[in-house]
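A.B. asks:
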Amino acid sequence: MIGEQRYPHLFSPLELGFTRLKNRALMGSMHTGLEEAPDGFERMAAYFAERARGGVGMIITGGIAPNREGGYGSKLSAPEEAEQHRLITEAVHAADPDVKICMQILHSGPIATTPECVSPSGVKSRIARFAPNVLDEAGIEKQIADFANCAALAQRAGYDGVEIIGSAGYLISTFLVQKTNLRNDSWGGSWENRMRFPVEVVRRVREAVGPEFILVFRISAMDMLEGGLAWDEVVSLGKAIVAAGANIISTHFCWHEAPVPTIATMVPRAAFASVTGRLRRELGVPMITSNRINMPQVAEDVLAAGHADIVSMARPMLADAELVNKALAGREDEINTCIACNQACLDHTFGGRQQVSCLVNPRACNETRLNYLPTAEPRRVAIVGAGPAGLAYANVAASRGHRVTLFDAAAEIGGQFNLARRIPGKEEFSETLRYFGKMIETRGVELKLGTRVSADMLADGGYDEVVVATGITPRTPAIPGIDHPMVAGYIDVILGRRPVGSKVAIIGAGGIGFDVAELVSHAGKSASLDIPTFAREWGIDFENHPRGGVTGVVPQVEKAERAVYLMQRKPDALGRTLGRTTGWTHRMTLARRGVNLVAGVEYLKIDDAGLHTRVNGEPRLFDVDTVIVCAGQEPLRSLHDELLARGVKSTLVGGAFEAAELDAKRAIKQACELAAEV
Ligand code: FAD
Ligand code: NAP
Ligand code: SF4
3 MIGEQRYPHL
13 FSPLELGFTR
23 LKNRALMGSM
33 HTGLEEAPDG
43 FERMAAYFAE
53 RARGGVGMII
63 TGGIAPNREG
73 GYGSKLSAPE
83 EAEQHRLITE
93 AVHAADPDVK
103 ICMQILHSGP
113 IATTPECVSP
123 SGVKSRIARF
133 APNVLDEAGI
143 EKQIADFANC
153 AALAQRAGYD
163 GVEIIGSAGY
173 LISTFLVQKT
183 NLRNDSWGGS
193 WENRMRFPVE
203 VVRRVREAVG
213 PEFILVFRIS
223 AMDMLEGGLA
233 WDEVVSLGKA
243 IVAAGANIIS
253 THFCWHEAPV
263 PTIATMVPRA
273 AFASVTGRLR
283 RELGVPMITS
293 NRINMPQVAE
303 DVLAAGHADI
313 VSMARPMLAD
323 AELVNKALAG
333 REDEINTCIA
343 CNQACLDHTF
353 GGRQQVSCLV
363 NPRACNETRL
373 NYLPTAEPRR
383 VAIVGAGPAG
393 LAYANVAASR
403 GHRVTLFDAA
413 AEIGGQFNLA
423 RRIPGKEEFS
433 ETLRYFGKMI
443 ETRGVELKLG
453 TRVSADMLAD
463 GGYDEVVVAT
473 GITPRTPAIP
483 GIDHPMVAGY
493 IDVILGRRPV
503 GSKVAIIGAG
513 GIGFDVAELV
523 SHAGKSASLD
533 IPTFAREWGI
543 DFENHPRGGV
553 TGVVPQVEKA
563 ERAVYLMQRK
573 PDALGRTLGR
583 TTGWTHRMTL
593 ARRGVNLVAG
603 VEYLKIDDAG
613 LHTRVNGEPR
623 LFDVDTVIVC
633 AGQEPLRSLH
643 DELLARGVKS
653 TLVGGAFEAA
663 ELDAKRAIKQ
673 ACELAAEV
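Its first residue numbered 3, the sequence shown is counted upward by one per residue in this note's numbering.
#1: Who sits around the ligand SF4, taking every residue whose Cβ is closer than 6 Å to one of its heavy atoms?
#2: Tell me whether the beta-carbon of Asp-466 lies closer than 8 Å to the beta-carbon of Val-383.
#3: Could you pull the DSSP bridge partners for Lys-450 from this structure?
#4: Leaving out five residues on either side along the sequence, give the residues of the same chain with a beta carbon under 7 Å from the beta carbon of Thr-587.
#5: Could you check whether the Cβ of Gly-581 sits closer than 7 Å to any heavy atom belonging to the ligand NAP?
#6: Within 7 Å: the Cβ of Gln-672 and any heavy atom of the ligand NAP?
#7: Output needed for Glu-71: all residues of its chain with C-beta closer than 7 Å, excluding positions within five of it in sequence on either side, in chain order.
#8: Is the separation between the beta-carbon of Glu-379 and that of Ser-528 shorter than 8 Å?
#9: If we cut at 8 Å on Cβ distances, does Leu-451 have a partner in chain D?
#10: With a threshold of 7 Å (Cβ to nearest heavy atom), would Ala-490 be considered close to the ligand FAD?
#11: Less than 8 Å separating the beta-carbons of Gly-65 and Ile-167?
#12: Reducing DSSP to helix, strand and coil, say where Ala-47 ends up.
#13: So, helix, strand or coil for Pro-364, using DSSP?
#14: Heavy atom of the ligand NAP less than 7 Å from the Cβ of Ala-575, yes or no?
#15: From Asp-138, Glu-6, Phe-43 and Glu-38, pick the residue whose C-alpha is nearest to that of Thr-351; which is it?
#16: Drop a sphere of 10 angstroms on the beta-carbon of Gly-387, count the other beta-carbons inside from all chains shown, and report buried for 16 or more, exposed for fewer.
#17: Does the distance from the CB of Pro-557 to the CB of Arg-616 come in under 8 Å?
#18: Report the residue from Ser-123, Gly-141, Glu-139 and Ser-523 whose alpha carbon sits nearest the alpha carbon of Val-133.
#19: Cβ of Thr-472 within 7 Å of any heavy atom in the ligand FAD?
#20: Gln-570 to Val-204, Cα distance in whole Å?
#21: Beta carbon of Gly-510: closer than 7 Å to some heavy atom of the ligand NAP?
#22: From what residue to what residue does the alpha helix (DSSP H) around Thr-472 run?
#23: So, at 6 Å on beta carbons, what are the nonlocal neighbours of Ile-337 in its own chain, with the 5 sequence-adjacent residues on each side left out?
#24: Kindly indicate the opening and closing residues of the alpha helix (DSSP H) around Asp-148.
#25: Exposed or buried, Asp-162, counting other C-beta atoms within 10 Å across all chains shown (16 or more means buried)?
#26: For Ala-96 and Phe-50, I'd like the C-alpha separation in whole angstroms.
#27: What first and last residue would you give for the beta strand (DSSP E) that runs through Asp-609?
#28: Going by DSSP in three states, Glu-235 sits in which element: helix, strand or coil?
#29: Give me, in chain order, the residues of the same chain whose beta-carbon lies closer than 8 Å to that of Glu-235; leave out the 5 immediate sequence neighbours on both sides.
#30: Curious, which full-length beta strand (DSSP E) runs of at least 3 residues does the segment 480-551 contain?
#31: If you follow the beta strand (DSSP E) that Gly-163 is in, where does it begin and where does it stop?
#32: Out of Thr-553, Thr-535 and His-547, point me to the one whose CA is closest to Lys-561's CA.
#33: Along the alpha helix (DSSP H) that carries Gln-299, what are the first and last residues, could you check?
#34: Per DSSP, Leu-623 forms a beta bridge with which residues?
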């Protein structure tokens, strides 16, 4: 296979003595919400089996609590609960007997979603719902015994191993860090005492499962907390955990409450792998690294550099179950790459209401529900608009055997994603367009770019189905002076067709307003493409590894020499509609660049003096030389209406269907679902 030559490290097996991994690609743990769904175990079986068929060497499930008080969701503490897990292990081993599957034991400690939650000292986490109960000696012993019981039940359910998560602000890590462990008994105080709990958990789990069972421990290699773990503590903990019986150490970076992004799209690829490498030189056991490793070449480079023995790709396996097989076959261009947007995965997990899926692959976690079956009746399908909606529709329809023609007025595919990918920090969005470009070519879609389609062209084209995916048109607010020469639309600004002055007002603070503010306030290298710049901008010290890995000094960021005002009419704080897990990073970035966020604005007029407003009722003139309009969007449906007038039925999809609260997640999902049925 081409991939074995191209990625020799990724495709070399790993011996663990009693067992071996067929390659170095791991599907990392992700809580999907299926753990708690009524038919969740059937759906998880299909979801994991598809990834096993897709070529990974090992899978780690989403977190399962060892008891009620540690619960974030599903628990495994009784024999009858182990039976459900058999559906998963049998499906995975049937899909490929060489694929190993480990269950993650997640005791959420103070961030468990139950008033029964526990912690060493009762310190409430910033992100917790409940104040935790303080563990007494008997309570600590119970938690340890529950870990061991849970691991034994996982073994009985047919898993090849367990991963114990000892990081992120969950129970184990709260014993380690001084600010959450205020005890002065044998479980707190000195470092030896603080690490007693994790070591004891690992020792008792090993005792319960015997020697021939994989035991992965996830360690906080950089917790990103001021006053967090020092490097020598990380090393000594790792050594003690290995001595207690772990055979693989996995590195984790960040507590959930730490104000440093570690997996968002603005984080450079493999930014943290060198930290794993440093620990690997100390511990001498197989090490797993993770975070923003989304393509086989990135994984190979990390392994070849000696940073790790195994590469964890979690979200990339949502985006493309076949990532590893595609790498093996030399079909990397066909990989549907995770763009680290978090919009359909972590935003759903932390939102607590929606089950996880993937923006670029809405089949993820819906393997039993959304299938693209070959059609018995191939039809001629015309799709107008090659934005995310049109591309997704074309890809699915063609994969099912329909004969598809895809039109776009522009010279390239992508629609608004061609704007998004030009925003510093969103470079990954280009991967989605590379994927779609390759797939429509591979699937024989007839692509007609530079073609503005009229109703006449379609009415006479002999198509069985017409899909209108023409997207949106930017909204022009009715402000006196909106046609003043200083006013520019966001499209012209992003494409560099309009110069931007030194004093800028941005009307509208939705996703696009924030992106435009990022663009016009940015200077220098894009941090997402340069690890040292990223580290500087977020106060991380990879070289000296102070406590937590963070310097504690407010980072100095490079910024454009211009005053920027980002505005909205609503009186609320700006950025409320941004992603749950990423919105804060955008707000923080703009604040560090000195962008002024102005709420409660009434736009009165624009003239040579600037933008006249009332802010919270008070008149205010913004003496600006450029006004950029990012005031939302309206659906572009003129073609649909013309077709209707001529009696031609068409299907609306994406922004053309509904522009309000439109994003690519909705556009792609809707397109895939419709194309699955055509
Ligand atoms: P569009 O992307 O608008 O595509 C419509 C296409 O139709 C265009 O290519 C157009 O040329 C073509 N067309 C129109 N009329 C005709 C015609 N008559 N004949 C031929 N072709 C025609 N979404 C997210 O989910 N996450 C993000 O982080 C994100 N960031 C963004 C950042 C920016 C700067 C922008 C502008 C948008 C961002 N979006 C983001 C929004 C996302 O890009 C849109 O929701 C998505 O592109 C909508 O897809 P669509 O296919 O419906 O429409
Ligand atoms: P949006 O999120 O709806 O924001 C529109 C903004 O314009 C709001 O701030 C709104 O606030 C303002 N506005 C609306 N009507 C106005 C009017 N008549 N006059 C003046 N201001 C007006 O839309 P968007 O920013 O255009 O983004 C489009 C879609 O792309 C969004 O739904 C978003 O999900 C997606 N997107 C997502 C991301 C991301 O990072 N996830 C990034 C970019 C885009 P007020 O009404 O308070 O003034
Ligand atoms: Fe990756 Fe976004 Fe899909 Fe999550 S939703 S897996 S971050 S592409």
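Note that beta-carbon positions come from the ideal geometry of N, C-alpha and C, so glycine has one too.
C.D. replies: So, from the listed chains and residues:
#1: Arg-317, Leu-320, Ala-321, Cys-340, Ile-341, Ala-342, Cys-343, Asn-344, Gln-345, Ala-346, Cys-347, Cys-360, Leu-361 and Val-362
#2: Yes; because the gap between Cβ atoms is below 8 Å, this pair is in contact.
#3: Phe-409
#4: Pro-263, Ala-266 and Met-268
#5: At least one heavy atom of the ligand NAP is nearer than 7 Å to the Cβ of Gly-581, so yes.
#6: No, since every heavy atom of the ligand NAP falls outside the 7 Å radius drawn around the Cβ of Gln-672.
#7: Only Ala-114, Thr-116, Glu-118, Cys-119 and Val-120 meet the Cβ criterion.
#8: It is not a contact, given that the beta carbons lie outside the stated cut-off.
#9: The structure shown contains no chain D; it is built from a single protein chain.
#10: no
#11: yes
#12: helix
#13: coil
#14: No; taking the cut-off as 7 Å, the Cβ of Ala-575 has no heavy atom of the ligand NAP nearer than that.
#15: Glu-38
#16: buried
#17: no
#18: According to the sequence as given, residue 133 is Ala; it is not Val. Nearest of Ser-123, Gly-141, Glu-139 and Ser-523 to Ala-133, Cα basis: Ser-123.
#19: yes
#20: 52 Å
#21: yes
#22: Here Thr-472 belongs to no alpha helix (DSSP H), and DSSP marks it neither H nor E.
#23: Asp-322, Leu-325 and Lys-328
#24: Residues 139-158.
#25: buried
#26: 11 Å
#27: Its beta strand (DSSP E) spans residues 603-609.
#28: helix
#29: Leu-178, Trp-193 and Met-197
#30: Whole beta strand (DSSP E) segments, 3+ residues: 489-491 and 505-509.
#31: 163-168
#32: The shortest C-alpha separation from Lys-561 is found at Thr-535.
#33: 298-306
#34: DSSP lists His-614 as the beta-bridge partner residues of Leu-623.
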